[in-house]
Amino acid sequence: MKDHAMAYDALPHWDRRTARMAGALYLAIALCAGFSIGYVPAQLVVAGDAAASVSNLLARQGLFKLGVLADCAVILFEIAITAILFDLFRPVGPKMALIALIARAGMIMVMAINLLIWVMPYALASGADGPQRAQVNALAQVFFDAHAMGVFVWQLFFGVHLLALGWLILRSSGVPHALGWGLTIGAFGYLLQGIVELTFTDIAALDYASIALLVIVTLSEVGFGLWLVICGGPGPGGYPG
Numbered sequence: 001m002k003d004h005a006m007a008y009d010a011l012p013h014w015d016r017r018t019a020r021m022a023g024a025l026y027l028a029i030a031l032c033a034g035f036s037i038g039y040v041p042a043q044l045v046v047a048g049d050a051a052a053s054v055s056n057l058l059a060r061q062g063l064f065k066l067g068v069l070a071d072c073a074v075i076l077f078e079i080a081i082t083a084i085l086f087d088l089f090r091p092v093g094p095k096m097a098l099i100a101l102i103a104r105a106g107m108i109m110v111m112a113i114n115l116l117i118w119v120m121p122y123a124l125a126s127g128a129d130g131p132q133r134a135q136v137n138a139l140a141q142v143f144f145d146a147h148a149m150g151v152f153v154w155q156l157f158f159g160v161h162l163l164a165l166g167w168l169i170l171r172s173s174g175v176p177h178a179l180g181w182g183l184t185i186g187a188f189g190y191l192l193q194g195i196v197e198l199t200f201t202d203i204a205a206l207d208y209a210s211i212a213l214l215v216i217v218t219l220s221e222v223g224f225g226l227w228l229v230i231c232g233g234p235g236p237g238g239y240p241g
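Counting from 1, one number per residue, gives the positions in the sequence shown under full-length UniProt numbering.
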């Protein structure tokens, strides 16, 4: 028991500057993703009406390009925070930290592919006119649908990441365990919604359950980011004993 405690006492404490950087990245991702994933598509894409959606893309190019810029920022921020979280939590549980790293890296790859899918309708429509427009509209609808489904694919990877991160937080005595439980429980919201949407399951109870869980995990993610920014990580003795 003594050796176990000494092993963890020998571990370095978090670098507060790095931890605060992770918190700032968390909050920046929340803002950029909320805009690019939550707001922009809702303003541009008209469900089941490719012609209207393409017209919106061309009429509101500034909004579209700003959304693409926000998506690019999210991907770059995600790469940075993935590396930082692995470095911070590796002393707590190397294998679980690696799982969190791989899962979030997989999510980033899907996000990058999904960004390419998102810009394709604009690339096609900006150079088409007359007889080509009908074909472009039909193809654009395929890309719109693929982009929407792509979000649910990366949610599966993110759900696994949050399960691992929640476990790591619960193993860290210096991090508020309420955040760990929130991430762990709320992670099932991403997993549930992803599975329900990708399997085209239409059960209202599952939709309500996923929404409730997503509210929990969103509050926990923002709370974790704020805690990192304000506190800069755990103080002395912040690793499990």
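Backbone N, C-alpha and C define an ideal beta-carbon position, used for all residues, glycine too.
> Would you report the Cα separation of Val175 and Leu31, rounded to the nearest angstrom?
Replying inline: Those two C-alpha atoms are separated by around 24 Å.
> Thinking C-alpha only, which one of Gly48, Leu69, Ala70 and Gln43 is nearest Leu57?
Replying inline: When each option's Cα is compared against that of Leu57, the closest is Gln43.
> Quick one: Cα of Asp87 to Cα of Thr201, how far?
Replying inline: Roughly 38 Å between the two C-alpha positions.
> Exposed or buried, what is Tyr208 when buried is set at 16 or more other beta-carbons lying within 10 Å of its beta-carbon?
Replying inline: Per the 10 Å Cβ criterion, exposed.
>> How far does the alpha helix (DSSP H) with residue 260 in it extend, from its first residue to its last?
In response: As displayed, the chain neither begins before 1 nor continues past 241, which places residue 260 out of reach and without an answer.
>> So, under 8 Å CB-CB, Ala140 and Pro121 are touching, yes? Tell me the CB distance rounded to an integer number of Å.
In response: Correct: roughly 4 Å between the Cβ atoms.
> Nearest-angstrom Cα distance between Asp15 and Ile84?
Replying inline: Between Asp15 and Ile84, the C-alpha separation is close to 11 Å.
>> Tell me the rounded alpha-carbon separation between Leu25 and Ala212.
In response: Annotation: Leu25 to Ala212 spans about 25 Å, alpha carbon to alpha carbon.
>> For the segment 86–100 against the segment 60–70, do three or more pairs of beta-carbon atoms, one drawn from each stretch, fall closer than 8 Å, so that the two count as touching?
In response: Not touching, per the Cβ criterion.
> Between Leu162 and Ala187, what straight-line distance do the alpha-carbon atoms span, to the nearest angstrom?
Replying inline: C-alpha separation (whole angstroms): 6 Å.
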